[in-house]
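Engineer: So that we are looking at the same thing, I have put the structure below in structure tokens.
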Amino acid sequence: MSSNVSGTFHILSLLARALAYACFICVVLLCFSVGFLRPVLVQIQTVITAFLPEGLRGVAVIPTPFGGAFRGDFALIAVVLFLLDWLFTRLYESYK
């Protein structure tokens, strides 16, 4: 029983970490006008935005001098996902 719970927490930890890194990379790339990658980033941005809660969408979107925008909503989600990763890792270690 505890090995199933432990395995579930491990998988949730890895998933939260991967999603957090993806959001963080998007935050950094969207700060710049990246030319040929722009259409791909717009599609990724649209997908991520669709999963955000209604009240969080577009919060703290700040234009940058590099031609892009800092997405505060994506940064906040990345922080929450990193915290979930930490929590799931702790739970994984306690059930191991």
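Quick note on numbering: the sequence shown equals residues 1203 to 1298 in the numbering used here.
Backbone N, C-alpha and C fix where the C-beta goes; we use that ideal spot for every residue, glycine too.
The structure presented is a predicted model; accordingly, all values stated were derived computationally and were not measured.
Report all residues from its chain with a CB closer than 6 Å to the CB of residue 1190; omit the five preceding and five following residues, and keep chain order.
Structural biologist: Lying before the first or after the last residue shown, residue 1190 is absent from the chain, which here runs from 1203 to 1298.
Engineer: Since residue 1265 sits in a beta bridge, which residues does DSSP pair it with?
Structural biologist: As a working mapping, residue 1265 is identified with position 63 in the sequence shown. According to DSSP, which records beta bridges pairwise, residue 1265 is partnered with 1271.
Engineer: What residues match up with residue 1234 in a beta bridge as DSSP calls it?
Structural biologist: Mapped onto the sequence shown, residue 1234 falls at position 32. Answer is 1269.
Engineer: Going straight from the alpha carbon of residue 1226 to that of residue 1277, what length do you get?
Structural biologist: Locating residue 1226 in the sequence shown gives position 24, counting from the first residue. Locating residue 1277 in the sequence shown gives position 75, counting from the first residue. If I take the Cα positions, the gap works out to 6 Å.
Engineer: Going along the chain, which residues of its own chain have a beta-carbon closer than 6 Å to the beta-carbon of residue 1273, five neighbours each way excluded?
Structural biologist: As a first step, residue 1273 must be located in the sequence shown, where it is residue number 71. So the qualifying residues of the chain are 1229, 1232, 1263.
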